[in-house]
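Numbering (the numbering used here), first residue to last: 9 to 201. Down below is the structure, laid out as structure tokens.
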């Protein structure tokens with residue numbers, strides 16, 4: 009057991025528990041989707057960064073849940089990820105990105121197929137406020153994600169229409185277009201001390 013974040017677990021695994029060649033890194037299967045604007049604070053997705061930075065094919069896997077009482081069947085996700093890993097290991101799929109896989113919580117026969125998607129511009133998590141004696145309690149809760157204006161081929165659209173969503177993610181957090189103007193501004197601040 010590791011008392012840390014998912015990324016801490018992966019770092020320990022890669023550096024201490026499984027040194028040497030790693031074929032593939034799979035993070036999940038997470039309960040609840042990691043889609044749209046919510047991706048940057050997903051522990052499941054962020055854990056794959058450790059593999060991505062080391063050029064290890066990395067996959068984050070999550071299952072959509074519509075309510076906290078819903079039961080989960082991990083069989084479909086397990087079968088799909090196994091097939092995906094086999095494609096990667098056979099060399100049939102070149103992977104220079106993290107694959108963010110989100111599945112609807114449906115039996116295999118009800119899944120309509122697989123869609124290569126882009127991230128939705130909306131989020132899936134809502135902030136709720138409940139008045140209580142002595143103040144207000146705020147909580148992050150899974151939203152329905154159902155929006156009338158969702159664009160086709162986004163991750164949220166796909167899982168709500170019965171498809172498995174596979175979104176390639178890339179992480180370069182330096183905003184390059186700002187570098188030169190920022191450098192010029194910083195040079196003008198040389199006398200700040």
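All C-beta atoms in this analysis are idealised placements derived from N, C-alpha and C, irrespective of residue type, glycine included. This structure is a prediction, so every number in the text was calculated from the model and none was measured.
Under the three-state DSSP convention, the category residue i falls into
i, result
"residue 102", "coil"
"residue 192", "helix"
"residue 45", "helix"
"residue 124", "strand"
"residue 25", "helix"
"residue 11", "coil"
"residue 143", "strand"
"residue 175", "strand"
Sequence-distant residues of the same chain with beta carbon closer than 7 Å to residue i, five excluded per side
i, result
"residue 96", "32, 65 and 103"
"residue 178", "105"
Boundaries (first-last residue) of the beta strand (DSSP E) holding residue i
i, result
"residue 93", "It is not in any beta strand (DSSP E) - residue 93 instead sits in the alpha helix (DSSP H) that spans 83 to 97."
"residue 14", "Where residue 14 is concerned, there is no enclosing beta strand (DSSP E), although the alpha helix (DSSP H) it sits in stretches over 14 to 20."
"residue 33", "33 to 39"
"residue 67", "66 to 71"
Supposed contact pair residue j and residue i - C-beta distance, whole angstroms, cut 8 Å
i, j, result
"residue 164", "residue 43", "5 Å"
"residue 69", "residue 93", "Going by Cβ atoms, the distance from residue 69 to residue 93 rounds to 11 Å, so no, they are not a contact pair."
"residue 57", "residue 15", "7 Å"
Start-to-end residues for the alpha helix (DSSP H) that takes in residue i
i, result
"residue 51", "51 to 61"
"residue 167", "163 to 168"
Residue i vs residue j beta-carbon contact at 8 Å
i, j, result
"residue 123", "residue 50", "no"
"residue 67", "residue 111", "no"
"residue 59", "residue 18", "yes"
"residue 130", "residue 175", "no"
"residue 10", "residue 22", "no"
"residue 127", "residue 162", "yes"
Cβ shell of residue i (< 8 Å), same chain only, five flanking positions each side left out
i, result
"residue 87", "116"
Proximity test, residue i beta-carbon vs the ligand GTP heavy atom, cut-off 7 Å
i, result
"residue 145", "In the structure shown, the ligand GTP is absent, as is every other ligand, since no ligand is present at all."
Cutoff 6 Å; reference residue i; Cβ partners in own chain excluding five residues on either side
i, result
"residue 54", "15"
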